[in-house]
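Asks: I have a structure I would like to understand better, so I am pasting it below and will then ask my questions one at a time.
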Amino acid sequence: MRLATWNVNSAKQRLPRLLPWLDERQPDVVCLQETKLADDAFLALFSEELAARGYEVAAHGEAQWNGVAILSKAGLEDVVPGLPDGPGFPHQEARAVWATCGGLRIASVYVPNGREPDSDHYAYKLDWLARLRDIVASGDPATTVVLGDINIAPTDADVFDPAAYAGHTHVTEPERSALADLQAIGLHDVVRDRWPTERVFSYWDYRAGMFHKDLGMRIDLVLAGDAVADRVQAAWIDRKARKGKGPSDHAPVMVDLDEAPDGDIGPMVPPPSAPAARPGTAKLPQSKD
DNA sequence: ATGTCCACAACATGTGGA
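Under our numbering, think of the first position of the first sequence as 3, with each following residue one higher.
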């Protein structure tokens, strides 16, 4: 099973990149952030194209800002929008959506930016992360995967130049501590685990040729519970999606999982309602001519 | 100093957010 997360910076503007990317990469579960569309507009934009590719959709958005979604070819059950009992600014924003896909509890999250350290928005960011941690802890962390734009660089190795970010959000100790508290439940940063010493970024500012100079940050993460982290076959950043005409400023993060070890979860198993094959009824593919 | 993009209001370009 292939999982992906991508901050698309407007689903409407990114559609010419999003559909070919789905066709090329064939992810089973896709978490999107910054869709910037209300749910009806999101579905009107491309629900037909998604259905044609076999995706079910859980969209949780608002006009203009924020907005998250989960696309799944591995089932989509128990959808929950937002952070139940989570903080607002001042009202709750469309920054999280949850669903169960192929036996995994998936969260697509767009963590508040924080704007300036010690601002109200920064306090909101820390509160939001604490509530996210509590919700994951109250479920089954081992089979949970939190994917999205976390808006925190976990360590100084995750920014092109720590000095350039001194005094800015994304690298402060309270933010990193809040992320560490979330991971302490048992969530693994699977891309860093796979590439422990490499220069790996997921976001490059549009300005000043930052991408072409590879001056970026790693702020989009896949945080996988123990049982999921044990199945990771590959984990990488899809830098190709940041190149070319009309890219997002973020690249997708991709994770491939081996089949579940006991084979009792995952998209390859027919649902309980599927009729059992009876002798004499199975057919081989027929030639079309 | 900002080598940018996006959404909105509104129709030219300014503003706020990232």
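Ideal Cβ placement from N, Cα and C applies to all residues, glycine included.
1. Express the C-alpha separation of alanine 54 and isoleucine 154 in angstroms, rounding to a whole number.
2. If distances are taken between C-alpha atoms only, which option among Gly188, Lys215, Trp238, Pro164 comes closest to glycine 227?
3. To the nearest angstrom, how far is the alpha carbon of arginine 19 from that of glutamate 26?
4. What does the Cβ neighbour count give for glutamine 35, buried or exposed, with the cut at 16 atoms within 10 Å?
5. Which partner residues does isoleucine 239 have in the DSSP bridge list?
6. Quick one: any contact between the region 214 to 222 and the region 174 to 183, if contact means 3 or more CB pairs under 8 Å?
7. In or out: isoleucine 95 buried (at least 16 other Cβ within 10 Å) or exposed?
8. Which full runs of the alpha helix (DSSP H) of 4+ residues lie inside the region 178 to 215, going along the chain?
9. Quick one: give me the first and last residue of the beta strand (DSSP E) that proline 156 is part of.
10. Could you check if lysine 127 is buried or exposed, using at least 16 other CB atoms within 10 Å of its CB as the buried criterion?
11. How many angstroms separate the CA atom of phenylalanine 162 from the CA atom of histidine 190?
12. Which same chain residues, not among the five before or five after arginine 280, have their C-beta less than 7 Å away from its C-beta?
13. Whether or not the region 131 to 148 and the region 80 to 89 are in contact is what I'm after, with contact meaning three or more pairs of Cβ atoms, one per stretch, closer than 8 Å; do they touch?
14. Are aspartate 142 and arginine 117 closer than 8 Å when you measure CB to CB?
15. What are the uninterrupted segments assigned as beta strand (DSSP E) that are 3 or more residues long and contained completely in the region 81 to 121, given in chain order?
16. Does the beta-carbon of valine 255 have 16 or more other beta-carbons within 10 angstroms, so that it is buried, or is it exposed?
17. In terms of DSSP beta bridges, what is isoleucine 72 paired with?
18. Rounded to the nearest angstrom, how far is the Cβ of leucine 149 from that of leucine 184, given a contact under 8 Å?
19. In terms of residues, what are the limits of the beta strand (DSSP E) holding aspartate 222?
20. Can you have a look at arginine 194 and say buried or exposed, based on whether 16 or more other CB atoms are within 10 angstroms of its CB?
Replies: According to the structure shown:
1. Taking the first residue of the first sequence as position 1, residue 154 is located at position 152. Taking the first residue of the first sequence as position 1, residue 54 is located at position 52. Between isoleucine 154 and alanine 54, the C-alpha separation is close to 35 Å.
2. Sequence index remark: in the first sequence, residue 227 carries index 225 (1-based). Answer by Cα proximity: Gly188.
3. Mapped onto the first sequence, residue 19 falls at position 17. Mapped onto the first sequence, residue 26 falls at position 24. The alpha-carbon atoms of arginine 19 and glutamate 26 are separated by roughly 11 Å.
4. Your numbering for residue 35 matches position 33 in the first sequence. The residue in question, glutamine 35, is buried, as its Cβ has 16 or more Cβ neighbours within 10 Å.
5. Counting from one through the first sequence, the residue named residue 239 turns up at place 237. Per DSSP, Val255.
6. no
7. Within the first sequence, numbered from 1, the residue matching residue 95 stands at position 93. Checking the sequence shown, residue 95 turns out to be glutamate, not isoleucine. The residue is buried, with at least 16 neighbouring Cβ atoms inside 10 Å.
8. 192 to 196
9. Working through the first sequence from its first residue, we reach residue 156 at position 154. Note, proline 156: premise wrong, no beta strand (DSSP E); not H, not E.
10. As a working note, residue 127 is residue 125 in the first sequence. Result: buried.
11. Taking the first sequence and counting its residues from 1, the one referred to as residue 162 is at position 160. Taking the first sequence and counting its residues from 1, the one referred to as residue 190 is at position 188. If you take the alpha carbons of phenylalanine 162 and histidine 190, they lie about 22 Å apart.
12. The sequence position of residue 280 within the first sequence is 278, counting from 1. With a pLDDT of only 45 at arginine 280, under 50, the local geometry of the prediction cannot be trusted, and no value is derived from it.
13. yes
14. Locating residue 142 in the first sequence gives position 140, counting from the first residue. Locating residue 117 in the first sequence gives position 115, counting from the first residue. No, these two residues do not count as a Cβ contact at 8 Å.
15. Within the region 81 to 121, the runs of beta strand (DSSP E) that reach at least 3 residues and sit entirely inside it are, in chain order, 98 to 103, 106 to 112.
16. Position 253 of the first sequence holds residue 255. Counting Cβ neighbours within 10 Å, valine 255 comes out buried, since at least 16 surround it.
17. As a working note, residue 72 is residue 70 in the first sequence. For isoleucine 72, which the question treats as bridged, DSSP gives the partners Cys33, Ala60.
18. Taking the first sequence and counting its residues from 1, one reaches residue 149 at position 147. Taking the first sequence and counting its residues from 1, one reaches residue 184 at position 182. That pair is no contact at about 13 Å.
19. Residue 222 sits at position 220 when you count from the first residue of the first sequence. It spans 222 to 226 - the beta strand (DSSP E) in which aspartate 222 sits, taken as one unbroken run.
20. As a working note, residue 194 is residue 192 in the first sequence. With 16 or more Cβ atoms within 10 Å of its Cβ, arginine 194 is classed as buried.
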